[in-house]
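To start, the structure itself, in structure tokens.
In mature numbering (1 follows the signal peptide of the UniProt record, and there is no 0), the protein residues as written are -25 to -1, 1 to 421.
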């Protein structure tokens, strides 16, 4: 089966069209208030759950399984952790079809779409009188674009991919420089990075590091990889703006990125070396910071073209899916409905510092991370002060696209060539255009 997901994966309808779509039950919303269907929960049933993410059985049970059992005593959850021989494609090959799947949207081709496991949840949403207006609209926009029919094939989980600017307070204290503030621009941050990059007592202190692969994917300018109307890279001039913005930080003398081309090493340089002043990254990175590290965060620096706008939240957002082969879809829907309840999302916000996928929970500054000692006294408002960037326009029907992760690799490689190999940005962009064109042609040939 040839997946069409890549052609539209980080794309969505405009807000106005979303409002129109919300009145259509086929698109996953309830048109007329009706009493929800009664589901028989008295008969024992086993649901097999699998994930496109790496999660142990122990972690799954702690987060979800034990709570499902307490809520639904007659439902047994058989969670199959991803591992050697137990990825979802390998399970399907072995004739084992999960009833419920969860994973991030950027890898949905591999664990769902290509396997033809995805199911339109619109009829279930209507049948159970489920209120879709409670969700963050951008998250619903995004899932509609993962399939050519524009159906809601999954419901959004709480997410942790918000972008922030971390800073090492100890380094700022050492050199007597005022801490960063919320609302800085990228130009402000560049000047601060230059000021903080220095050699002291033989030690090199870098002014700036970043997880630029994710920041480019979920960029603040809503620039997609592929053109919405043609089989080519989207507007190279806009990509040039993004590449120039990030590459200038790595051209500051003594601010050379971590050795090699690995995104992992550069993303982790802030906490591993503890000699990096600023780190533009996803918020969830904080979980790996040493307990003794003296850090805080401010809002993501902004572009003049997109004031008060942080990065897109869809690239690393997770979803719950009910599969096409599921024989107990109504019970499965009730389980997912419970997992996405305000009660469960508030608990996850408190204990995991994930942002709720719904708009019905207020006072997030007081809730998010409130039970995590590592976040005590931190500037949690940096997560909520800015609006997420809009999802880019959808690719036109009939256009072939490539896997989002493959496109991400091309963009990362382009950035590496600019900042490591000193290739000029125009040459690097031409190479990226050629690589994306080859990716599209390869997809067409499948």
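Every residue, glycine too, gets a C-beta built ideally from N, C-alpha and C.
DSSP state of residue i mapped onto helix, strand, coil
i: residue 6; result: Low local confidence applies: a pLDDT of 41 at residue 6 is under 50, so the model's placement there is unreliable, with the coordinate-based value given in what follows. If DSSP states are grouped into helix, strand and coil, residue 6 belongs with coil.
i: residue 254; result: strand
i: residue 192; result: helix
i: residue 97; result: helix
i: residue 109; result: helix
i: residue 184; result: strand
i: residue -16; result: Here the model assigns residue -16 a pLDDT of 33, short of 50, so the residue's position is not dependable and the matter cannot be decided.
i: residue 175; result: strand
i: residue 363; result: strand
i: residue 273; result: strand
i: residue 160; result: strand
i: residue 261; result: helix
i: residue 126; result: coil
i: residue 90; result: coil
i: residue 249; result: coil
i: residue 25; result: strand
i: residue 134; result: strand
i: residue 53; result: strand
i: residue 313; result: helix
Residue from the options with nearest C-alpha to residue i
i: residue 76; options: 69, 82 and 87; result: 87
i: residue 150; options: 139, 181 and 122; result: 181
i: residue 409; options: 200, 16, 351 and 26; result: 200
i: residue 125; options: 400, 370 and 406; result: 370
i: residue 345; options: 363, 365 and 321; result: 321
i: residue 294; options: 118, 415 and 396; result: 118
i: residue 122; options: 138, 107, 110 and 96; result: 96
i: residue 234; options: 395, 164 and 57; result: 395
i: residue 364; options: 38, 282, 258 and 79; result: 282
i: residue 277; options: 52, 105, 65 and 139; result: 139
i: residue 361; options: 310, 299 and 159; result: 159
i: residue 37; options: 354, 326 and 115; result: 326
i: residue 154; options: 167, 367 and 161; result: 167
i: residue 214; options: 416, 113 and 387; result: 387
i: residue 227; options: 183, 191, 314 and 187; result: 183
i: residue 279; options: 104, 163, 398 and 131; result: 163
i: residue 267; options: 202, 236 and 349; result: 349
i: residue 16; options: 29, 40 and 44; result: 44
i: residue 173; options: 236, 111, 230 and 341; result: 230
i: residue 46; options: 347, 354, 355 and 309; result: 309
i: residue 49; options: 339, 18, 105 and 58; result: 18
i: residue 340; options: 127, 354 and 84; result: 354
Pairwise C-alpha distance: residue j and residue i
i: residue 380; j: residue 291; result: 11 Å
i: residue 252; j: residue 179; result: 11 Å
i: residue 171; j: residue 375; result: 45 Å
i: residue 197; j: residue 55; result: 36 Å
i: residue 358; j: residue 297; result: 30 Å
i: residue 249; j: residue 147; result: 12 Å
i: residue 99; j: residue 152; result: 56 Å
i: residue 420; j: residue 414; result: 10 Å
i: residue 407; j: residue 384; result: 10 Å
i: residue 70; j: residue 285; result: 43 Å
i: residue 66; j: residue 129; result: 20 Å
i: residue 82; j: residue 378; result: 8 Å
i: residue 334; j: residue 175; result: 47 Å
i: residue -4; j: residue 116; result: Here the model assigns residue -4 a pLDDT of 38, short of 50, so the residue's position is not dependable and the matter cannot be decided.
i: residue 497; j: residue 351; result: Residue 497 lies beyond the residue range present for the chain, which begins at -25 and ends at 421; the question has no answer from this structure.
i: residue 2; j: residue 315; result: Its pLDDT being 48, under 50, residue 2 is placed unreliably in this model, and the coordinates cannot settle the point.
i: residue 101; j: residue 42; result: 26 Å
i: residue 187; j: residue 195; result: 12 Å
i: residue 216; j: residue 30; result: 37 Å
Cutoff 8 Å; reference residue i; Cβ partners in own chain excluding five residues on either side
i: residue 263; result: 243 and 246
i: residue 412; result: 206, 207 and 208
i: residue 185; result: 221, 224, 241, 242, 254, 255 and 256
i: residue 156; result: 273
Proximal residues to residue i (C-beta, below 7 Å), its chain only, five neighbours per side dropped
i: residue 303; result: 20, 22 and 74
i: residue 68; result: none
i: residue 32; result: 54 and 56
i: residue 393; result: 218, 222, 400 and 403
Proximal residues to residue i (C-beta, below 6 Å), its chain only, five neighbours per side dropped
i: residue 323; result: 133 and 329
i: residue 389; result: 403 and 407
i: residue 63; result: 25 and 86
i: residue 193; result: 286, 287 and 290
i: residue 312; result: none
i: residue 305; result: 14
i: residue 337; result: none
For residue j and residue i, believed in contact at Cβ under 8 Å, the rounded distance
i: residue 145; j: residue 269; result: 5 Å
i: residue 136; j: residue 259; result: 7 Å
i: residue 142; j: residue 272; result: 7 Å
i: residue 265; j: residue 368; result: Incorrect: roughly 42 Å between the Cβ atoms, too far for contact.
i: residue 78; j: residue 40; result: Actually they are not in contact, since the Cβ atoms of residue 78 and residue 40 sit about 17 Å apart, beyond 8 Å.
i: residue 332; j: residue 110; result: 6 Å
Proximity test, residue i beta-carbon vs the ligand PLP heavy atom, cut-off 7 Å
i: residue 281; result: As far as ligands go, the structure on display features none, and thus does not contain the ligand PLP.
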